[in-house]
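What follows is a single structure, written as structure tokens, with notes after it.
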Amino acid sequence: MPQPPSSQREAHPADLPPSDRDILDVEPMLRNFGGPGPTVTMLYALFLENADALSRSLKERLAAGDLDGVRLAAHSAAGAARSAGAGRLADLFGSVEEAALRGDATIARRDAAALDRALADVKILIARI
Numbered sequence: 001m002p003q004p005p006s007s008q009r010e011a012h013p014a015d016l017p018p019s020d021r022d023i024l025d026v027e028p029m030l031r032n033f034g035g036p037g038p039t040v041t042m043l044y045a046l047f048l049e050n051a052d053a054l055s056r057s058l059k060e061r062l063a064a065g066d067l068d069g070v071r072l073a074a075h076s077a078a079g080a081a082r083s084a085g086a087g088r089l090a091d092l093f094g095s096v097e098e099a100a101l102r103g104d105a106t107i108a109r110r111d112a113a114a115l116d117r118a119l120a121d122v123k124i125l126i127a128r129i
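If you're matching positions, the sequence shown starts at 1 in the UniProt record's numbering and goes up one per residue.
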């Protein structure tokens with residue numbers, strides 16, 4: 001079946017240039033917790049600690065060929081990233097999860113390779129809060 005022209009194909013999260021809001025939308029977190037302060041700082045620190053650990057676990061499981069473990073780690077990380085407002089990171093983790101569910105290790109590896117940069121971008125923006 002013919003593919004639509006490249007301009008009409010759905011872009012993949014790893015291929016899109018992110019805006020700051022795509023990387024980290026802090027408004028809901030700030031609104032829910034009364035603006036910047038110790039609670040928001042603590043929640044983002046906890047998120048980063050967990051995201052780092054889940055990303056490491058995902059990559060270790062991917063290297064071991066454990067796609068079910070990859071799927072579980074990616075699912076947990078995607079939910080945490082979405083809750084933190086890290087949309088681009090959540091989309092990447094979600095894509096890894098979907099690829100692992102389909103048994104597509106090639107796509108899972110491709111998207112996992114983009115996680116370090118996406119997580120670094122989130123860390124930069126969290127440091128500005």
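Even glycine gets a Cβ: it sits at the ideal position worked out from N, Cα and C.
- The beta carbons of Leu115 and Leu92 sit closer together than 7 Å.
- Here the alpha carbons of Thr39 and Ser95 stand approximately 30 Å from one another.
- Selection Ala120, Ile107 and Ile124 evaluated against Arg71 yields Ile107 as nearest (Cα-Cα).
- Between Leu58 and Ala80, the C-beta spacing is not below 7 Å.
- Separation of the CB atoms of Leu67 and Gly103 is rounded to 6 Å, and the pair is thereby assigned contact status at 8 Å.
- If you keep only unbroken beta strand (DSSP E) runs of at least 3 residues inside the UniProt domain "HPt" (36 to 129), you get nothing at all.
- If you look at Asp25, you'll find it isn't in any alpha helix (DSSP H); DSSP assigns it neither H nor E.
- In terms of Cβ geometry, Ala77 and Leu43 do not form a close pair [threshold 7 Å].
- Taking C-beta atoms under 8 Å as the contact rule, Leu48 and Lys123 qualify, at a distance of about 6 Å.
- In this structure, the straight-line span from the alpha carbon of Pro28 to that of Ala113 is close to 28 Å.
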